[in-house]
Structures are given as C-alpha cells and as structure tokens.
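Under our numbering, the residue at position 104 of the sequence shown is numbered 94, and the numbers go up by one with no gaps. We treat Cβ as the ideally placed atom computed from N, Cα and C, and that holds for glycine. Data block below; observations after.
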Amino acid sequence: MLSPPCQSTRGSKFLISGVGMYALTQGRIYTGHEILDDHALVVANGLIDRVCPMAELPPGIEQRSLNGAILSPGFIDVQLNGCGGVQFNDTAEAVSVETLEIMQKANEKSGCTSFLPTLITTSDDLMKQGIRVMREYLDKHPHQALGLHLEGPWLNLVKKRHP
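Printed below as a string of structure tokens:
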C-alpha cells in the first residue's frame, strides 16, 4: 500500500517535546499499517503535524536525524496495578502522585507511553483518594495517564463479589 503524500494528523493529541516546526528524518516509520522508509514525521508546535516523503518536506525545515532508529506509536497499558517496584493499591501511602510518576518512568523503558492506572477493590475512602490523586497527577502530567480504572463492587453493589 502506498502512502498518500503528506498524511496530515492535524488535531491529533500526540504531544512531542520541542517548539516550532521540525522533521524527524533518517528513520523507519511504523504507522500501524505499513513501514515507511525515506519519509519524515513533521512536528509543529509540539504536535505531530504529518508524515510525508522526504522529497515533500517544507523548504528549510529543521531536520533531526533518527540515525536509522525505528519511530513507532507507543504502547498503551489499559489496566496497570503497578510496576517499577510500586503498587497503586492497598494503602493511602501507595495511592499517590509519586507512585504514578514511578510507574510512568518504568513504562517508558518498555515503550509504553500512556497508561490507565487501576485501583483494585478497596474502601470508599481509598477510591475517593485515588480519584483526587489522579486529578492532581493529570494536572502535572496531562499526556501520560489516560484516566483511572476503578475495579470492584464500589461501582455496582448489586453485582459485587467481595464482602
């Protein structure tokens, strides 16, 4: 399948560090549907703007070489109780912004760019704390966590399976 020229992703929410406009070049781009060589990923104002053949890059755009590295979408973990030696469960001390920051750093090492922290069945107070902590974390880190996964009977007392 041939890629259309300069596939625009304007309006996407893929945040990439850096300001202005530049192109990531000299890498293999995995789109999820195909592998593109001799293409570039253009970033404008911190967001992915488009993917296009090298020959169609805007004149004079700054180019940042990937030196042959692979450029691909990050993984998303949709149910994560813990990682990096910590758990986002069980105690008030564990349900914290610091725990979420440790989990994010551990995830990045394996290509996981976003995650959905999961709070297992617990007390109402700890569930409410988890929601407060998640809001605080998202204020500081709006692009890492995708929300909060709440498990258990707290959501539906009729269907509960725990005391």
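Just the Cα atoms here: how many angstroms apart are Ile60 and Thr103? Taking the straight line joining both Cα atoms gives about 15 Å.
Whole-number beta carbon distance between His29 and Cys42, since they are thought to touch under 8 Å: With a Cβ gap of about 6 Å, Cys42 and His29 count as contacting.
Taking Ala13 and Val32 to be in contact with their CB atoms under 8 Å, please state how far apart those CB atoms are, rounded to whole angstroms. Going by Cβ atoms, the distance from Ala13 to Val32 rounds to 5 Å, so yes, they are a contact pair.
Sequence-distant residues of its chain with Cβ nearer than 7 Å to Gln77 (five each side left out): Cβ-Cβ distances below 7 Å link Gln77 to Asn71, Ala84 in the same chain, with the five nearest sequence neighbours on each side left out; the list follows chain order.
What residue range does the beta strand (DSSP E) around Thr103 cover? Boundaries of the beta strand (DSSP E) harbouring Thr103: 102 to 109, taken from the DSSP string.
Rounded Cβ spacing between Arg54 and Thr15 (contact assumed at less than 8 Å): Confirmed, Cβ separation roughly 7 Å.
Assumed close pair Gly74, Ala96 - CB separation to whole angstroms, cut-off 8 Å: Right, their Cβ atoms sit about 3 Å apart.
Is the beta carbon of Val68 less than 9 Å from the beta carbon of Leu90? Taking a C-beta distance under 9 Å as the contact criterion, Val68 and Leu90 do not qualify as a contact pair.
What separation, rounded to the nearest whole angstrom, lies between the Cα atoms of Asp129 and Thr112? The alpha-carbon atoms of Asp129 and Thr112 are separated by roughly 24 Å.
Provide the residue span of the beta strand (DSSP E) that contains Val32, from first to last. Segment 29 to 34, the beta strand (DSSP E) holding Val32.
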